[in-house]
Amino acid sequence: MQTLYSTISHSITAFDITSGVTHDTNTLPTIFNKLTDEIATKRIKKAIIQNNVEDINAHKRQLLHWNLMITNISKKILNTSIITELYRIRWQIELLF
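Here is the structure:
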């Protein structure tokens, strides 16, 4: 996770991107999408509550601004926006149980 965090942090600093895919020969593709400030704020508040109302560290706070998805689907088969939408739909189903 630290390597992925470093990749994302570098990407934010150097390119100010909001989504992308990391992939090399040793890892599965990882899709990352930057969330809106509104959603990130909700996630941070929830994380603080889950942490017994103690503040969370800067590393976790930064990660809560992102959706990270690891997949074995090639970007040649499905693009990142379709994969993101499929994950969103899947989690909506999970929330029903």
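Under our numbering, think of the first position of the sequence shown as 213, with each following residue one higher.
Quick reminder that beta carbons are idealized off the backbone N, C-alpha and C, glycines included.
| Item | Value |
| --- | --- |
| Rounded to whole angstroms, how far is the Cβ of Ile268 from the Cβ of Ala259, which I believe are closer than 8 Å? | 5 Å |
| Whole angstroms are fine: how far does the CA of Phe244 sit from the CA of Met213? | Bear in mind that a pLDDT of 47 at Met213, under 50, signals an unreliable position, so the model cannot answer this. |
| So, is Trp278 buried or exposed, given that buried needs 16 or more other C-beta atoms within 10 angstroms? | buried |
| Leaving out the 5 sequence neighbours to the left and right, which residues in its chain are closer than 8 Å to Lys272 when beta-carbon positions are compared? | Ala259 |
| Using CA atoms only, rank isn't needed, just tell me which of Met281, Pro241, Thr253, Leu276 is closest to Glu297. | Met281 |
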